[in-house]
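Here's the structure, in structure tokens; my notes come after.
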Amino acid sequence: MAASAATSTVDPAEIDRFSEMAATWWDPHGAARPLHAMNPTRLAFIRDRAVSAFGGDADGAAALAGYTVLDVGCGGGLLSEPLARMGGRVTGIDASAPAIAVARGHAERSGLSIAYRAEPVETLAEEGQRFDLVCALEVVEHVADRAAFCRALAAVLRPGGLLVMSTLNRTARSFALAIVGAEYILRLLPRGTHTWRHFVRPRELAADLRAAGLAVDRTAGMVFDLHGRAWRLDRRDLGINYILSARKPG
Numbered sequence: 451m452a453a454s455a456a457t458s459t460v461d462p463a464e465i466d467r468f469s470e471m472a473a474t475w476w477d478p479h480g481a482a483r484p485l486h487a488m489n490p491t492r493l494a495f496i497r498d499r500a501v502s503a504f505g506g507d508a509d510g511a512a513a514l515a516g517y518t519v520l521d522v523g524c525g526g527g528l529l530s531e532p533l534a535r536m537g538g539r540v541t542g543i544d545a546s547a548p549a550i551a552v553a554r555g556h557a558e559r560s561g562l563s564i565a566y567r568a569e570p571v572e573t574l575a576e577e578g579q580r581f582d583l584v585c586a587l588e589v590v591e592h593v594a595d596r597a598a599f600c601r602a603l604a605a606v607l608r609p610g611g612l613l614v615m616s617t618l619n620r621t622a623r624s625f626a627l628a629i630v631g632a633e634y635i636l637r638l639l640p641r642g643t644h645t646w647r648h649f650v651r652p653r654e655l656a657a658d659l660r661a662a663g664l665a666v667d668r669t670a671g672m673v674f675d676l677h678g679r680a681w682r683l684d685r686r687d688l689g690i691n692y693i694l695s696a697r698k699p700g
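Adding 450 to a residue's 1-based position in the sequence shown gives its number in my numbering.
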């Protein structure tokens, strides 16, 4: 990787863990099953915040047309591909080379032009690259240095740009459901996927982003509706999963 060890926020143990699941990224019943289920809700939030920030197609079909998008920690491309279908000029980065290989292959088979790189975000920051929209979904809880990671995200965001992040809150509920329930009882995720002490409270993440020069402008919980068997946004319930947007002053 181009980034030096002194600047990289990559946790090698986390990258090894996700590299092992690379071949199953696009299996909706595999290790990435929760991300497949959450994707429509995550994309709805991104679309709405992008339309609010930049204008554009309010119905979402081409909400990102003409805008540059960086998907940080893109894995196999589950988010990058629908962002490209919204019209975005998408770059997807991940420190896992096997995941990037999967992402490239799937995009080619899907007829999508996405620039994939097996690099950490710090490399792009050092190159001086800037994007209109930066997404880092379900990533920050896996990095080695959260504050440095937030600074790197801010560095690759152009003035006036939009950042979207999602992660897990550090609460008793998240331990019971996201660790014990999802990994040990229901086996929705491989054991060891998450470390509860690395979960991030919304005020902690907002403080890190503020220190990096960004201002959080929207936060919402992502809640699994047992009756509808689907994820939905809830502005009041941030107890487990949540998603936020932040702006860089123009």
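Note that beta-carbon positions come from the ideal geometry of N, C-alpha and C, so glycine has one too.
Please classify residue i: does DSSP put it in a helix, a strand, or coil?
i: N691; result: strand
i: I585; result: Residue identity differs from the one stated: residue 585 is Cys in this sequence, not Ile. Of the three classes helix, strand and coil, the one that applies to C585 here is strand, per DSSP.
i: H460; result: Looking at the sequence itself, residue 460 is Val, so the reference to His does not match. Coil.
i: I564; result: coil
i: S530; result: helix
i: V571; result: helix
i: T669; result: strand
i: V552; result: helix
i: T518; result: strand
i: A545; result: coil
i: D466; result: helix
i: A626; result: helix
i: A696; result: strand
i: F674; result: strand
i: R535; result: helix
Quick one: measure Cβ to Cβ for residue i and residue j, integer angstroms, because I've assumed they're closer than 8 angstroms.
i: I564; j: S530; result: 5 angstroms
i: W681; j: M471; result: Actually they are not in contact, since the Cβ atoms of W681 and M471 sit about 21 angstroms apart, beyond 8 angstroms.
i: R492; j: I690; result: Between I690 and R492 the Cβ distance is about 14 angstroms, and since that is not below 8 angstroms, they are no contact.
i: H644; j: L607; result: Not quite, the Cβ-Cβ distance comes to about 26 angstroms (not below 8 angstroms), so this is no contact.
i: R469; j: S560; result: Position check: residue 469 holds Ser in this sequence, whereas Arg was assumed. Contact flag wrong, Cβ pair sits at about 22 angstroms.
i: A626; j: V666; result: Not a contact, Cβ separation roughly 27 angstroms.
i: L574; j: A586; result: Their Cβ separation, rounded to whole angstroms, is 12 angstroms, which puts L574 and A586 out of contact at 8 angstroms.
i: A662; j: R601; result: 5 angstroms
i: G538; j: A553; result: Rounded, the Cβ-Cβ distance is 15 angstroms, inconsistent with contact.
Could you give the residue range of the alpha helix (DSSP H) that holds residue i?
i: T491; result: R483 to F504
i: V593; result: Looking at the DSSP string, V593 is not in any alpha helix (DSSP H), and its letter there is neither H nor E.
i: D658; result: P652 to A661
The beta strand (DSSP E) that contains residue i, what's its start and end?
i: D684; result: A680 to D684
i: G611; result: L607 to L618
task: Determine, using beta-carbon pairs with one atom in the region 640-653 and one in the region 585-600, whether at least three such pairs fall under 8 angstroms.
output: yes
- prompt: Quick check: the region 578-585 against the region 508-523, are there 3 or more CB pairs under 8 angstroms?
  reply: yes
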